[in-house]
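Presented below is the structure to which this report refers.
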Amino acid sequence: MDVKIKMDEDPVLAKFMHRLYQLPPYHFTIAYYEHTLTDEILDTVEERGVRESQVRTFKRLRSPQLRLVDLDMRLVGMIENTDNSIFYRPLFHPNIFINNEFMYLEHIIKGIMITEYETHADTKDWMVSFVAVGLRDGILTGLDYTGSIKLIESDIEHKTMKDGAKQSTYNKICKRVRVLAVNIIDMVENENDYLGIQTVSRSPEQNAKRVKRGQIPIPTTVKIRPIGGFISQVESFNAHLDDHRNNRAYSHKFMVRGHWRHFRSERYSDKKRGTKTWVFPFYKGTGLMVTKDYEVRI
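Below, the structure is given as structure tokens:
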């Protein structure tokens with residue numbers, strides 16, 4: 026996406042964010058935290074408050090055990106328009122980073138990191154971290170939100186801001202990120218014939234060469250793409266979604282949001298019962314597009 030710089034408020038910050046914005050989400054997030062945290066802070070885990078949380082997030086980002094998840098860009102629209110329930114489910118790897126961008130409330134969410142987390146009550150949860158950059162009318166505003174929230178007990182991690190509007194926006198972005206996170210994990214865990222999943226590993230020698238060239242090491246990457254007949258379904262949905270976003274629809278049709286269908290009834294076989302399948306978001310009908318604002322409610 027081509028963006029411009031907003032110069033009237035903080036030109037230095039605007040230029041910095043514009044340069045960072047050009048980076049892929051994983052590289053962007055590392056560069057963002059490197060700029061935010063000093064070397065002294067990085068070496069002092071005893072630092073309390075927000076800085077301590079940022080230190081933990083940064084160290085998880087640079088962990089060799091991190092898995093980088095690259096979603097085919099064609100899948101993003103479907104993931105953004107799928108409803109889901111917020112509850113703990115096991116991760117396919119204890120620490121992953123979703124290396125994709127997501128738009129929400131005039132902000133670009135530059136990737137999402139999801140880490141297995143054990144609460145003080147010895148119950149399992151996720152720690153979900155993100156950086157969101159403000160974008161209004163194609164112009165970077167320089168405003169940003171960072172968050173490290175628990176999947177279930179998210180309220181106790183919410184920031185307390187003096188600006189009520191900013192606090193409201195931050196809380197909404199947190200809710201949105203939680204839904205995106207569970208959608209992506211459910212999609213990977215319930216892999217069917219419609220997705221191709223490829224794992225690309227980098228050897229220590231390859232990453233050592235990257236470091237010598239002044240580049241960051243790249244963790245093992247999981248690439249996910251649509252395959253087979255699902256490709257045409259994805260492309261058809263995205264074409265309708267483009268009409269939806271640009272108000273180019275002149276006929277009666279509406280979006281049916283994606284959702285997970287659970288097979289709980291006893292009428293299903295023992296093999297089928299207890300499973301679930303992703304019902305993809307799709308557009309129903311023809312004619313003038315019927316639209317409405319959608320807000321995540323949890």
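Going by the working numbering, 63 is the number at position 38 of the sequence shown; the sequence numbering is gapless.
In this text, a Cβ means the ideal position worked out from N, Cα and C, and glycines have one as well.
Please read these numbers as outputs of a predicted model, since none were measured by experiment.
Here's a check: name, in chain order, each residue in its chain whose Cβ is nearer than 6 Å to the Cβ of Thr340, leaving out the five neighbours to either side.
No answer is possible for residue 340: it lies beyond the span of the chain, which begins at 26 and ends at 323.
Is the CB-CB distance between Thr246 and Asp95 below 8 Å?
Counting from 1 along the sequence shown, the entry for residue 246 is found at position 221. Counting from 1 along the sequence shown, the entry for residue 95 is found at position 70. It is a contact, given that the beta carbons lie within the stated cut-off.
The segment 248-268 in contact with the segment 97-115 per 3-pair CB rule at 8 Å
Taking a cut-off of 8 Å for Cβ pairs, the segment 248-268 and the segment 97-115 touch, as three or more such pairs fall below it.
Between the alpha carbons of Gln231 and Val225, how many angstroms are there, rounded?
The residue you call residue 231 lines up with position 206 of the sequence shown. The residue you call residue 225 lines up with position 200 of the sequence shown. Rounded to whole angstroms, Gln231 and Val225 show a C-alpha spacing of 12 Å.
Among Phe53, Arg44, Val80 and Thr107, nearest to Ile209 - alpha-carbon criterion
On the sequence shown, position 184 is the one that residue 209 refers to. Its Cα nearest to that of Ile209, the residue Thr107 stands out among Phe53, Arg44, Val80 and Thr107.
Helix, strand or coil: which one does DSSP assign to Phe305?
As a first step, residue 305 is located in the sequence shown; it is residue number 280 there, counting from the start. Coil at Phe305, not helix or strand.
Given Ile181, which residues of its chain have a CB within under 8 Å of its CB, disregarding the five upstream and five downstream residues?
The residue you call residue 181 lines up with position 156 of the sequence shown. For Ile181, the predicted model reports a pLDDT of 45, less than 50, meaning its position is unreliable and no value from the coordinates is stated.
Exposed unless 16 or more other CB atoms sit within 10 angstroms - verdict on Lys84:
Residue mapping note: residue 84 aligns to position 59 of the sequence shown, counting from 1. Classification for Lys84: exposed.
For Val207 versus Asn109, is the C-beta spacing smaller than 8 Å?
Taking the first residue of the sequence shown as position 1, residue 207 is located at position 182. Taking the first residue of the sequence shown as position 1, residue 109 is located at position 84. In contact: Val207 and Asn109 (Cβ atoms closer than 8 Å).
Whole-angstrom distance between Arg76 and Ile256, CA atom to CA atom:
Counting from one through the sequence shown, the residue named residue 256 turns up at place 231. Counting from one through the sequence shown, the residue named residue 76 turns up at place 51. Answer to the nearest angstrom: the Cα atoms are 43 Å apart.
Coarse secondary structure for Ser78, derived from DSSP in three states
Here residue 78 refers to the residue found at position 53 when the sequence shown is read from its first residue. If DSSP states are grouped into helix, strand and coil, Ser78 belongs with the helices.
Check each candidate in Arg298, Ile134, Ile133 and Asp150 and name the one with the smallest Cα separation from Glu141.
Residue 141 sits at position 116 when you count from the first residue of the sequence shown. Scanning Arg298, Ile134, Ile133 and Asp150 for the CA closest to the CA of Glu141 turns up Asp150.
Given this structure, state the Cα-to-Cα distance separating Leu220 from Asp188, to the nearest angstrom.
Locating residue 220 in the sequence shown gives position 195, counting from the first residue. Locating residue 188 in the sequence shown gives position 163, counting from the first residue. The straight-line gap from Cα to Cα measures roughly 43 Å.
Quick check on the burial criterion: 16 or more other C-beta atoms within 10 angstroms. Buried or exposed for Ala157?
The sequence position of residue 157 within the sequence shown is 132, counting from 1. Around the beta-carbon of Ala157, 16 or more other beta-carbon atoms lie within 10 Å, marking it buried.
N-terminal and C-terminal residue of the alpha helix (DSSP H) that His52 is part of
For the purposes of this step, residue 52 is identified with residue 27 of the sequence shown, where counting begins at 1. Its alpha helix (DSSP H) spans residues Pro50 to Thr61.
List the DSSP bridge partners of Met138.
For the purposes of this step, residue 138 is taken as residue 113 along the sequence shown, with counting starting at 1. Answer by DSSP bridge pairing, in chain order: Phe122 and Ser154.
So, using beta-carbon positions, are Pro50 and Lys135 closer together than 8 Å?
For the purposes of this step, residue 50 is identified with residue 25 of the sequence shown, where counting begins at 1. For the purposes of this step, residue 135 is identified with residue 110 of the sequence shown, where counting begins at 1. For Pro50 and Lys135, yes; Cβs fall inside 8 Å.
Which of helix, strand or coil DSSP assigns to Tyr46
Mapped onto the sequence shown, residue 46 falls at position 21. Shown here, Tyr46 sits in a helix according to DSSP, grouped into three states.
Out of curiosity, what's the CA-to-CA distance linking Arg87 and Ile55?
Here residue 87 refers to the residue found at position 62 when the sequence shown is read from its first residue. Here residue 55 refers to the residue found at position 30 when the sequence shown is read from its first residue. Roughly 8 Å between the two C-alpha positions.
Distance CB(Ile137)-CB(Val202) smaller than 8 Å
In the sequence shown, residue 137 corresponds to position 112, counting from 1. In the sequence shown, residue 202 corresponds to position 177, counting from 1. Yes, these two residues count as a Cβ contact at 8 Å.
Give a yes or no on whether the minimum CB-CB distance between Ile177 and chain C is below 8 Å.
No chain C appears in this structure, which consists of one protein chain only.
Assigned secondary structure, Pro89 (DSSP; H/G/I helix, E/B strand, else coil):
As a position in the sequence shown, residue 89 is number 64, starting the count at 1. Shown here, Pro89 sits in coil according to DSSP, grouped into three states, outside any helix or strand.
Neighbourhood of Leu45 by C-beta distance below 7 Å, restricted to the same chain and skipping five residues each side
Here residue 45 refers to the residue found at position 20 when the sequence shown is read from its first residue. Counting only residues of its own chain and dropping the five nearest sequence neighbours on each side, Leu45 has a CB closer than 7 Å to the CB of Phe53, Ala56 and Tyr57.
Let's test the definition: count the other Cβ atoms within 10 Å of the Cβ of Ile133 and tell me whether it reaches 16, buried, or not, exposed.
In the sequence shown, the residue the question calls residue 133 occupies position 108. Buried, by the Cβ-count rule.
Within 10 Å of its beta-carbon, does Asn215 have 16 or more other beta-carbons around it, so buried, or fewer, so exposed?
One-based indexing of the sequence shown puts residue 215 at position 190. Sixteen is the threshold: since fewer than 16 other Cβ atoms of the shown chains lie within 10 Å of the Cβ of Asn215, the residue is exposed.
Nearest-angstrom Cβ-Cβ length linking Ile198 and Tyr129, presumed shorter than 8 Å:
To locate residue 198, count along the sequence shown from 1; it is residue 173. To locate residue 129, count along the sequence shown from 1; it is residue 104. Contact flag correct, Cβ pair sits at about 6 Å.
CA nearest to the CA of Thr300, picked from Ser261, Glu131, Val236 and Glu291
Position 275 of the sequence shown, counted from the start, is the residue given in the question as residue 300. Of Ser261, Glu131, Val236 and Glu291, the residue nearest in Cα terms is Glu291.
Since Phe288 and Gln258 should fall inside the 8 Å C-beta cutoff, what is the C-beta to C-beta distance between them, to a whole number of angstroms?
Sequence index remark: in the sequence shown, residue 288 carries index 263 (1-based). Sequence index remark: in the sequence shown, residue 258 carries index 233 (1-based). With 8 Å as the limit, Phe288 and Gln258 do not qualify as a contact, their Cβ atoms being about 21 Å apart.
Name the one or two DSSP bridge partners that Ser173 has.
As a working note, residue 173 is residue 148 in the sequence shown. Beta-bridge pairing links Ser173 to Ser154.
Where does Glu324 sit, in a helix, a strand or coil, going by DSSP?
Limits of the chain in this structure are 26 at one end and 323 at the other, which puts residue 324 out of reach.
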